[in-house]
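My numbering numbers the first residue of the sequence shown as 1 and each following residue consecutively.
The structure appears below as structure tokens.
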Amino acid sequence: MHMRTLIRIAVIASATGFASAAFAASAEDFKAAFDKAQAADKQAAALHNQWTTTESELKKAKAAADAGKFDDAVKAAQEAEALANASVAQSKEQEKLWPDAVVR
1 MHMRTLIRIA VIASATGFAS AAFAASAEDF KAAFDKAQAA DKQAAALHNQ
51 WTTTESELKK AKAAADAGKF DDAVKAAQEA EALANASVAQ SKEQEKLWPD
101 AVVR
């Protein structure tokens with residue numbers, strides 16, 4: 001898997017999340033989405049591969065929730081989760097591929 005593929009996965013997952021967030025979101029919906037995004041981000045942190053874009057989306061989600069815009073907050077949290085999951089996938093891919101990059 002290459003970086004482009006990871007980005008495509010993140011975009012597709014994000015678009016899927018946007019479609020499921022077509023309803024009027026509540027504070028509980030936001031909390032659930034935000035918790036999932038944070039869990040994925042913590043997994044990326046454990047692999048030492050957190051993307052800065054994930055942190056930006058988490059902040060955007062929190063700001064939207066604080067403003068009472070729960071639809072936007074859920075969308076941003078789902079985007080953050082997709083980005084975090086893509087960074088985890090990248091880490092796992094690179095873990096398998098790095099030996100091929102070593103000069104022998």
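Just so you know, even glycine gets a beta-carbon here, dropped at the ideal spot from N, CA and C.
The model shown is predicted, which means the values in this text are computed figures rather than measured ones.
- Under the DSSP assignment, V74 falls in the alpha helix (DSSP H) whose first and last residues are F70 to A101.
- The Cβ atoms of A73 and A80 lie no closer than 8 Å to each other.
- Three or more Cβ pairs drawn from the segment 45-62 and the segment 85-95 lie within less than 8 Å of each other, which places the two stretches in contact.
- Counting only runs of 4 or more residues that sit fully inside the segment 23-51, the alpha helix (DSSP H) segments are 27-46, in chain order.
- When the beta-carbon positions are compared, A61 and A77 come within less than 8 Å of each other.
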